[in-house]
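One structure is given below, encoded as structure tokens.
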Amino acid sequence: MLKRRFLTWGLVLVACSVVPRSDAWGQGSNVRARDLADESAASDTFTGQRGRIEAPADAESPVGRSAEDVRRSFREMLGNERSQSFDMSVENINERRNARRRQQRQRTPPPPVHVHLQPTFRFNLLAGDAIAAATQTRISKLLAARDAGSVQVEVENRTARLSGTVRSEYERDLLEKLLAIEPGVSQVENLISVEAPVAQPQLKAAR
Numbered sequence: 002m003l004k005r006r007f008l009t010w011g012l013v014l015v016a017c018s019v020v021p022r023s024d025a026w027g028q029g030s031n032v033r034a035r036d037l038a039d040e041s042a043a044s045d046t047f048t049g050q051r052g053r054i055e056a057p058a059d060a061e062s063p064v065g066r067s068a069e070d071v072r073r074s075f076r077e078m079l080g081n082e083r084s085q086s087f088d089m090s091v092e093n094i095n096e097r098r099n100a101r102r103r104q105q106r107q108r109t110p111p112p113p114v115h116v117h118l119q120p121t122f123r124f125n126l127l128a129g130d131a132i133a134a135a136t137q138t139r140i141s142k143l144l145a146a147r148d149a150g151s152v153q154v155e156v157e158n159r160t161a162r163l164s165g166t167v168r169s170e171y172e173r174d175l176l177e178k179l180l181a182i183e184p185g186v187s188q189v190e191n192l193i194s195v196e197a198p199v200a201q202p203q204l205k206a207a208r
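In the working numbering, the protein residues as written are 2 to 208.
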């Protein structure tokens with residue numbers, strides 16, 4: 002009987018000592034879980050995907066991103082009056098630099114431009130006699146159709162020489178321009194003379 006009482010009291014003491022400890026452990030674990038949840042929520046504010054830190058959506062752009070941002074930063078640090086003087090000094094520096102560059106360009110002439118033309122296709126220049134014969138044929142047909150006179154063409158050392166007589170200054174200038182664009186001709190000597198205008202009979206009023 003006495004043994005049963007001792008066993009009963011022993012079980013009661015063990016139960017009393019164990020139950021509060023488990024409650025304390027449970028409360029401690031709950032507190033730790035809440036702390037972890039708060040830390041996770043706080044970290045979600047500044048952390049995006051794993052391994053990459055992102056700034057908040059309302060974060061300002063970094064200082065110095067633009068010229069206006071630099072001016073705004075100087076206004077905040079120095080005040081409006083000093084920042085305005087700073088802006089004027091910057092503008093004066095730019096103006097002096099541009100003026101100095103203009104003076105240097107005026108004093109130093111630009112280097113000469115050298116252009117080397119190299120055709121990408123093969124071509125054969127006609128000889129002077131061939132050029133003269135071809136142009137003589139075309140000019141004779143043109144003048145015959147207009148009944149504008151007679152012209153001879155000679156080509157030597159890429160220089161075309163025109164001689165003869167035409168009816169007006171228009172035909173004289175036209176033939177010179179045609180020879181100037183002829184392949185193998187680099188210079189034209191225009192020796193063409195213009196016919197004297199034919200005197201028209203004067204009509205008198207009948208009496």
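A virtual CB, placed ideally from N, CA and C, is assigned to each residue, including glycine.
* For the candidate residues T136, S187 and G165, whose alpha-carbon lies nearest to that of R159? -> S187
* **contact_flag[the region 145–157, the region 181–196] where n(CB pairs < 8 angstroms) is 3 or more** => yes
* Asked: For E183, which three-state DSSP category applies?
  -> If DSSP states are grouped into helix, strand and coil, E183 belongs with coil.
* Asked: How would you call L192, buried or exposed, if buried means at least 16 neighbouring beta carbons within 10 angstroms?
  -> Exposed.
* To do: On a CA-only basis, which of Q137, R108, A133 and R147 is nearest S169? Give me that one, please.
  => R147
* Local Cβ density within 10 Å of V167, reported as buried at 16 or more and exposed below that -> buried
* To do: Apply the 10 Å Cβ neighbour rule to V116 and answer buried if 16 or more other Cβ atoms are within range, or exposed otherwise.
  => exposed
* Among residues of its own chain, excluding the 5 on either side of E196, which ones have a beta-carbon nearer than 6 angstroms to its beta-carbon? -> T166 and R168
* Asked: In the structure shown, what three-state DSSP assignment does L175 receive?
  -> helix
* Excluding five sequence neighbours on each side, which residues of the same chain lie with their C-beta closer than 8 angstroms to the C-beta of R139? -> L179
* Asked: Who are the near neighbours of S194 in its chain, counting only those whose CB is closer than 6 angstroms to its CB and skipping five residues on each side?
  -> T166
* To do: Starting from E209, follow its DSSP beta bridges and name the residues at the other end.
  => This structure cannot speak to residue 209, because the chain is shown only from 2 to 208.
* Buried or exposed by the 16-neighbour rule on C-beta atoms within 10 Å, applied to T121 -> Exposed is the call here.
* Exposure of E190, with buried meaning 16 or more beta-carbon neighbours within 10 Å -> exposed
* Can you say whether E96 is buried or exposed, counting buried as having 16 or more other CB atoms within 10 angstroms of its CB? => With fewer than 16 other Cβ atoms inside 10 Å of its own Cβ, E96 counts as exposed.
* Measuring alpha carbon to alpha carbon, tell me which of R106, E172 and Q105 ends up nearest G150. => If we check each option's Cα against that of G150, E172 comes out closest.
* Asked: Would DSSP call P190 helix, strand or coil?
  -> As written in the sequence, residue 190 is Glu, which differs from the Pro given in the question. Here DSSP, grouped into helix, strand and coil, assigns E190 to strand.
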